[in-house]
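First up is the structure itself, then whatever we jot down about it.
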Amino acid sequence: MMINDELITRFFHNQCTPEEASAVAAHLEEHPEVLETYVPEAEFLQMEAGDLPQTVSRLWLRNIHGQINRRRTPLIRRIAVAAIMAGIVVGGIYLLRTPQGPATQGTVARTTITAHNTRVVTNNTNHSLTLQLPDGSVAVLEPAAILRYEQLFADGRLVDLSGEADFTVIADKTRPFRVASGVIHTTVLGTFFHVKANPDEELITVKLHSGKVLVQAILDEKKLMDDAILTPGKALTFNTRTRQATLFNFERSGREAMVKAGSSGTPTTKPDWYQFNKQPMSQVLDQLSNYYGISIYYYPSDIADIYIDGKFDNTDSLAEILTDLTLPNNLKLTRKDDGFVIKRN
């Protein structure tokens with residue numbers, strides 16, 4: 001069958017016969033670069049579920065995944081869950097069983113954290129621990145969680161997690177962010193997700209709060225389940241013993257990503273005094289973080305309607321200023337090892 005522009009265009013609009021669609025899909029599999037001509041990657045990542053045929057979405061996902069894999073050293077011989085920016089809805093609750101017959105082969109990159117310049121953070125407290133990673137991404141570790149990573153992310157953005165944590169990932173198309181949790185690898189380009197992989201539990205859970213992810217389970221180059229695409233509010237559990245996965249909806253309860261104020265960790269020159277005139281609190285926190293070179297974390301919805309009037313001297317400590325800002329606005333200020341966290345009471 002002759003594959004031309006008219007036929008491909010009809011394919012993207014779900015106007016092909018089954019035979020034509022199969023032929024075009026095979027053509028795009030062999031020539032993934034054609035996808036960019038009809039649907040640019042940036043446009044695809046912004047699309048809502050159902051904007052494209054399911055076949056197109058899966059082809060685009062494989063294309064993005066292939067771009068990432070070509071930058072990696074191949075093959076890890078264990079189960080892996082890989083998450084990349086994706087584009088269709090997987091709804092309801094149902095069971096994904098091990099495919100019958102020959103499994104589709106796939107690879108997951110093997111990347112290791114070198115001993116040199118490695119940092120290990122253990123949350124020995126009874127509350128969450130907020131940690132800024134070298135690329136600006138934020139990890140919130142639950143009690144007893146352990147996170148290990150290279151301090152400079154020189155060889156890629158890989159962290160090793162034991163326990164439970166939330167990750168808010170800074171987008172970087174050239175360097176995917178990977179979380180290794182025992183036998184599980186979760187890979188993203190930029191999103192907010194939750195991973196639970198406790199060493200003494202059979203179930204591994206991936207919950208998506210924002211962005212879009214493709215989840216895969218692979219062992220010895222063979223898929224253990226059909227690819228599953230998560231959109232916000234969707235979750236997947238994988239049983240490492242039975243090798244079964246379950247997709248379900250979860251209640252997000254308005255949960256959002258915590259953000260870090262300021263443009264960098266490098267302090268800027270402070271004036272002798274500075275005054276805020278009905279400025280949004282987010283802007284005030286940005287300035288203060290830059291002035292003092294100290295991290296300030298907050299949830300945008302907690303401070304969305306707060307505007308600041310006030311004058312401060314450069315001799316005032318950041319803790320004093322933040323206390324003056326948070327107390328009248330019913331906000332809780334917490335001091336952490338790497339800075340301050342502001343939350344609604």
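Numbers 1 to 345, taken from full-length UniProt numbering, label the letters of the sequence shown in order.
For every residue, glycine included, the Cβ atom is placed at its ideal position computed from N, Cα and C.
The model shown is predicted, which means the values in this text are computed figures rather than measured ones.
Alpha carbons only, please: which of the options is nearest the one belonging to residue i?
i	options	result
D338	V121, T315, L28 and D226	V121
L318	Y299, S301 and V341	V341
H185	N330, R10, F238 and N124	F238
A144	A245, T240 and N124	N124
V24	N14, H13, I3 and Q15	I3
P134	S162, N126 and R175	R175
L230	T323, L247, L219 and N329	L247
E201	L147, S210 and S162	S162
K196	T9, G211, I146 and V213	I146
N204	Q216, K212 and S210	It should be noted that the sequence gives Ile, not Asn, for residue 204. Out of Q216, K212 and S210, Q216 has the C-alpha closest to the C-alpha of I204.
M258	Q275, A21 and V169	V169
V159	A235, R178 and G136	R178
E320	R344, K223 and R335	R335
D324	I8, S210 and L288	L288
R243	P232, D226 and S181	D226
L322	R10, C16, L285 and L141	L285
L303	N330, K222 and D309	What sits at residue 303 in the sequence shown is Ile, not Leu. Selected option, being the one with the closest Cα: N330.
G211	A235, L224, K222 and S181	A235
G233	D220, K222 and V213	V213
P280	D309, D272, Y297 and I294	D309
So, is residue i buried or exposed, given that buried needs 16 or more other C-beta atoms within 10 angstroms?
i	result
E6	exposed
N314	exposed
residue 346	Residue numbering for the chain in the displayed model covers 1 to 345; residue 346 lies beyond these limits and cannot be assessed.
H31	exposed
K311	exposed
L131	buried
L327	exposed
R157	buried
A228	buried
N14	exposed
A165	buried
P199	exposed
D316	exposed
L152	exposed
H194	buried
S301	exposed
K207	buried
L96	At L96 the pLDDT is 35, less than 50, meaning the model places this residue with poor confidence; the figure from the coordinates comes in the next sentence. Buried, since its Cβ has 16 or more Cβ neighbours within 10 Å.
R241	exposed
E150	buried
F44	Because the pLDDT of F44 is 44, which lies under 50, any placement of that residue in the model is unreliable, and the question is left without a value.
G278	Before going further, note that residue 278 is Lys rather than Gly in the sequence given. K278 should be labelled exposed.
H127	exposed
T118	exposed
T187	buried
residue 350	Shown here, the chain extends from 1 to 345; a query on residue 350 therefore has no answer.
T191	buried
A26	exposed
K332	exposed
A261	buried
A180	buried
A139	buried
A154	exposed
Just curious, the alpha helix (DSSP H) that residue i is in, first and last residue?
i	result
Y291	M281 to Y292
L7	D5 to F12
I170	From DSSP, I170 is part of no alpha helix (DSSP H); its letter is neither H nor E.
L323	The sequence given here has Thr at residue 323, not Leu. Counting along the chain, the alpha helix (DSSP H) containing T323 begins and ends at L318 to T326.
L28	P18 to E30
From the DSSP secondary-structure annotation, give me the bridge partner or partners of residue i.
i	result
T187	R178
D118	It is worth fixing the name first, because residue 118 is Thr in this sequence and not Asp. Its beta-bridge partners are E150.
R157	F177
E164	K196
Y299	Note: Y299 sits in no beta bridge, so no partner.
R335	F340
Q132	V138
V213	L230
V259	Y298
Q275	K311
L219	K222
I'd like the span of the beta strand (DSSP E) that includes residue i, first residue to last.
i	result
F312	Y307 to D313
H209	L203 to S210
Q244	Q244 to N249
T237	K234 to N239
Confirm the yes/no value for this check: CB of residue i, any heavy atom of the ligand NAP, distance under 6 Å.
i	result
A261	No copy of the ligand NAP appears in this structure; indeed no ligand is present at all.
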